[in-house]
Structure formats: C-alpha cells, structure tokens
Ligand SMILES: CC(C)(COP(=O)(O)OP(=O)(O)OC[C@H]1O[C@@H](n2cnc3c(N)ncnc32)[C@H](O)[C@@H]1OP(=O)(O)O)[C@@H](O)C(=O)NCCC(=O)NCCS
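In this note's numbering, the protein residues as written are 92 to 232.
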C-alpha cells in the first residue's frame, strides 16, 4: 500500500465498516508496519491487509475486500501472501480480533485454521459487540 492508494482504500473502508479507519490510521500502518493491497487486472485496488509484526507475533489489524469483488478468493490470496512473507521473517503466530457476528470473516479465518483463543467483552462500538480473539500458528515445524 502506498499513500497514493489511500483514496481507493478509504472508499472501500467506508463502504464496509460502520466505524471505518481514517486516513491517519492507514498512514501509520504504511509508515511503520505492514500494509498490502490486492490489485485487479484493471489496476484497481480491490482489497487490502494491514498489521504489525512485533518479535514473533503478527497482529492482523485490517483485512477487507471491495463488496463487488468478494467471494473471489481475494482475501484468501492476501492472507496466503502475508503468511508466506511472515514465515521468511521468522514470525510464529498471527493474532486477530473479529466481531462475533462476522461469519464471513470467521469462516475465512477458520479455513486457514485460525482457532478462537478468547473473547473481548464489548470491544467494538457502532454497534457494541464482543470480539473473538483468534490465533494461527505459522511456524514451520
Ligand atoms: C471477510 C472478507 C475479507 C472475505 O473476503 P473475500 O475475498 O470475499 O473472501 P474469499 O473469497 O477469499 O473467501 C474465502 C472463504 O471465506 C469464507 N467466506 C467469505 N465470505 C463469506 C461469506 N459472505 N459468507 C460465508 N463465508 C464466507 C468462505 O469459506 C470462502 O470460501 P468459499 O467462497 O470457497 O466458500 C470480506 O467479506 C470483507 O471484506 N468483509 C468486510 C470487512 C471485514 O469484515 N473484514 C474482517 C474484519 S475482522
């Protein structure tokens, strides 16, 4: 993700989330952490993923796919790519939080064999909802 991608990224973010990230949050991910976009054959941004790698642990902070391009395995490709990159950087675990009602995302994570390791009470606003905490061990044995 580049800063010049932000108009397209923010448009997707606003389309999908009731409490969307603002530009500054993406800028911080671009400057200090990991931020990737998925681009289609027309050079349009159709999805993105961001997170923080701290020591052995990657915190997946955001993953989203434009509504018109969902169910085409774009999130799957984004996750596969980041897992490949993280393995080369000796990352051992990926953590994420997800709204308890977000079945699409939970199904996606379960396909990657993320497991639920906890719950954060009333973690989300707009609407208030609990978060599931999920973890995937990616260390190659
Ligand atoms: C969750 C999200 C990123 C998935 O993106 P996507 O590119 O459509 O996902 P994929 O096509 O790679 O789907 C892979 C698998 O995830 C599951 N899945 C994805 N969307 C689903 C849905 N709407 N309902 C049920 N399962 C779903 C399915 O198992 C799917 O495999 P299948 O299509 O063979 O059945 C997308 O729905 C999205 O952007 N949602 C809004 C933002 C969001 O909630 N982000 C996660 C925050 S924690």
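Where a beta carbon is used, it is the ideal one built from N, C-alpha and C, also for glycine. In this text, all values refer to a predicted model and were calculated from it rather than measured experimentally.
Could you tell me the boundaries of the alpha helix (DSSP H) in which residue 100 lies? By 1-based counting over the chain shown, the position of residue 100 is 9. In the DSSP assignment, residue 100 falls within the alpha helix (DSSP H) that extends over 97–107.
Check your reading: residues with Cβ closer than 6 Å to ligand 1 heavy atoms: Those residues are 107, 154, 155, 156, 161, 162, 163, 164, 165, 166, 167, 189, 193, 194, 195, 196, 198, 199, 202, given in chain order.
Could you check if residue 233 is buried or exposed, using at least 16 other CB atoms within 10 Å of its CB as the buried criterion? The structure shown does not extend to residue 233, since the chain spans only 92 to 232, so no value can be given for it.
In whole angstroms, give me the CA-to-CA distance for residue 139 and residue 98. The residue labelled residue 139 in the question sits at position 48 within the chain shown. The residue labelled residue 98 in the question sits at position 7 within the chain shown. Annotation: residue 139 to residue 98 spans about 13 Å, alpha carbon to alpha carbon.
For residue 119, name the three-state secondary structure that DSSP assigns. As a working mapping, residue 119 is identified with position 28 in the chain shown. Residue state, collapsed to three classes: helix.
So, under 8 Å CB-CB, residue 148 and residue 176 are touching, yes? Tell me the CB distance rounded to an integer number of Å. Reading the chain shown from its first residue, position 57 is the one you call residue 148. Reading the chain shown from its first residue, position 85 is the one you call residue 176. That belief does not hold up - the Cβ atoms of residue 148 and residue 176 are roughly 15 Å apart, past 8 Å.
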